[in-house]
Amino acid sequence: MSLCRLICGNKGLAELKKSSKRMTCHKRYKIQKKVREHHRKLRKEAKKRGRKKPRKDPGIPNSAPFKEALLREAELRKQRLEELKQQQKLERQKEQDKKRKLETNPGVELSHKVLVKEEFGRSKAKKAKSSKQNPKKLYCQELKKVS
1 MSLCRLICGN
11 KGLAELKKSS
21 KRMTCHKRYK
31 IQKKVREHHR
41 KLRKEAKKRG
51 RKKPRKDPGI
61 PNSAPFKEAL
71 LREAELRKQR
81 LEELKQQQKL
91 ERQKEQDKKR
101 KLETNPGVEL
111 SHKVLVKEEF
121 GRSKAKKAKS
131 SKQNPKKLYC
141 QELKKVS
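Using the UniProt record's numbering, you'd call the opening residue of the sequence shown number 1 and step up by one each time.
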């Protein structure tokens, strides 16, 4: 081994070059043509297989007993769903209005934040207090409640 190779490592030697990604136009267009043909074949096969249409709901036959009652029930269900959606929409709008009002009134927002923090602190304190108790003691308390 030469002294230079030991000192410099392989830096002196030419590293392997990566092959270029260049290609001739003929080859590139040939590939594009093959891809187009392949996609065309796939579309043609899909057409041959055909689309399966979902079956329509036949509804309630005229010969069914209580047909009118069933139709009325379905109508009522639809109305209830629409009313429920309408209520939820109104509630969302009210919540957004409240948030907008809080954003416009900075003083009110601060007091609201303080209240939320206090409630959060209280709930944390309760959890901490309950976790400090002895598990055996907690078990006995639960047992007394049950019996």
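Beta carbons are placed, not taken as given, at the ideal position from N, Cα and C, and that holds for glycine.
Cβ neighbours of residue i in the same chain (closer than 8 Å, five flanking residues each side left out)
{"i": "ALA64", "result": "LEU70"}
{"i": "ARG51", "result": "none"}
Nearest candidate by alpha-carbon position, reference residue i, set the options
{"i": "MET23", "options": "LEU16, GLN32, LYS89", "result": "GLN32"}
Proximal residues to residue i (C-beta, below 6 Å), its chain only, five neighbours per side dropped
{"i": "LYS47", "result": "none"}
N- and C-terminal bounds of the alpha helix (DSSP H) containing residue i
{"i": "GLU68", "result": "67–104"}
{"i": "PRO135", "result": "135–146"}
{"i": "ALA46", "result": "25–49"}
Three-state secondary structure (DSSP) of residue i
{"i": "GLU118", "result": "helix"}
Contact set for residue i: own chain, Cβ-Cβ below 7 Å, skip 5 residues either direction
{"i": "GLN96", "result": "none"}
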